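Numbering (our numbering), first residue to last: 2 to 133.
Quick reminder that beta carbons are idealized off the backbone N, C-alpha and C, glycines included.
Computed from a predicted structure; not experimentally measured.
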């Protein structure tokens, strides 16, 4: 492990300290390591050929006209990406789905965009983790 020195303005240092406290880091180094890892992971997901895993979560209105069947059709169209799916009824009108995906990041992003863009889908979020 290497020791490095960085210079931060007072506002940024205060923000780092607040984040460290909120997330329970023991020191600034742990917080900075996680921030850097997150940035590097995000950067690597921009490479459309990079292999990896992802979690797509979204809430949708199950009564919206043909939405459930459109979502299933989209999932079948991208069946090679699917590892597992969890479906939860969160209210009379809404469902939460969580899909675990594996494949090229470009294909995963395209699938996520197709799902999230459907009328009646709300709160869509894609979290990616690339393979090393």
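Inter-residue spacing [alpha-carbon to alpha-carbon] between residue i and residue j
i: residue 36; j: residue 20; result: 10 angstroms
i: residue 105; j: residue 78; result: 15 angstroms
i: residue 64; j: residue 41; result: 40 angstroms
i: residue 101; j: residue 58; result: 9 angstroms
Identity of the residue in the options nearest residue i by Cα
i: residue 126; options: 83, 68 and 55; result: 55
i: residue 103; options: 92, 81 and 119; result: 81
i: residue 48; options: 70, 18, 107 and 99; result: 107
DSSP three-state assignment for residue i, whether helix, strand or coil
i: residue 36; result: helix
i: residue 125; result: strand
i: residue 131; result: strand
i: residue 44; result: helix
Which residues DSSP lists as bridging residue i, in chain order
i: residue 101; result: 56 and 85
i: residue 50; result: None, per the DSSP bridge assignment.
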